[in-house]
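To start, the structure under review is shown below, and the notes come after it.
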Amino acid sequence: MTPKIIKLILNCAKTLKQIDPISGWFLHILAISGCRGAEIQKVKMQDITPLLNKTGETFYNIKVNIAKKRNVACIREIVISSKEFQAIQTAHKNHFEEKLLIQDVSIFFKRANINLKIIKLILSIFLENLKIFLKNPDFAPINRSIYLEICLFHI
1 MTPKIIKLIL NCAKTLKQID PISGWFLHIL AISGCRGAEI QKVKMQDITP LLNKTGETFY
61 NIKVNIAKKR NVACIREIVI SSKEFQAIQT AHKNHFEEKL LIQDVSIFFK RANINLKIIK
121 LILSIFLENL KIFLKNPDFA PINRSIYLEI CLFHI
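Right, dumping it as structure tokens:
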């Protein structure tokens, strides 16, 4: 994906975070990682490790199992800031307190919390501009994400 498409999707995620924080952060992680939604939903808390950089800032390394080829698991690693990680955890905590549910801390994103209808509604706002951008002859086919195009063009 090109920086322009990533910026467009991150703007969409920013808008969505105000409406539904969990779905907004889910879309944000999808945009920065390039993983599929089902892969992100399978991430467990034990797959997330904190990392310290030289200045003492904490980052979180998320290991996403993206495929299994023969007997070898293919893992993609995503690094997010402590601020992003805490925002995701706070969104989940607020959701569970609001619904008076017991929070399951073993899974990073809970399947039931991600409202795909809201994500599709917000994405449809940006869809027309993105279609025009993708049809631009100057846009190199090498930079296209087939998964993203399938998702966006079949809303």
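At position 155 of the sequence shown the residue is numbered 155 (UniProt numbering), and the sequence of numbers has no breaks. Backbone N, C-alpha and C fix where the C-beta goes; we use that ideal spot for every residue, glycine too.
Grab the span of the alpha helix (DSSP H) containing N11 for me, first residue to last. P3 to I19
Considering only their Cβ atoms, is the gap separating R76 from C12 smaller than 8 Å? no
Run the proximity test for K42: is its beta-carbon closer than 7 Å to any non-hydrogen atom belonging to the ligand SAH? For the ligand SAH, the structure offers nothing, since it holds no ligand at all.
How should I19 be labelled, buried or exposed, when 16 other C-beta atoms within 10 angstroms of its C-beta is the threshold for buried? exposed
So does the region 64-74 actually touch the region 83-97, counting three or more Cβ pairs closer than 8 Å? no
Taking the C-alpha atoms as reference points, what is the distance between P3 and S33? 13 Å
Do you know whose CA, among E98, K68 and N53, lies nearest I80's CA? N53
How would you write the range of the alpha helix (DSSP H) that E39 sits in, first residue to last? G37 to Q41
Would you kindly work out how many angstroms separate the C-alpha atoms of I48 and F85, rounded to a whole number? 10 Å
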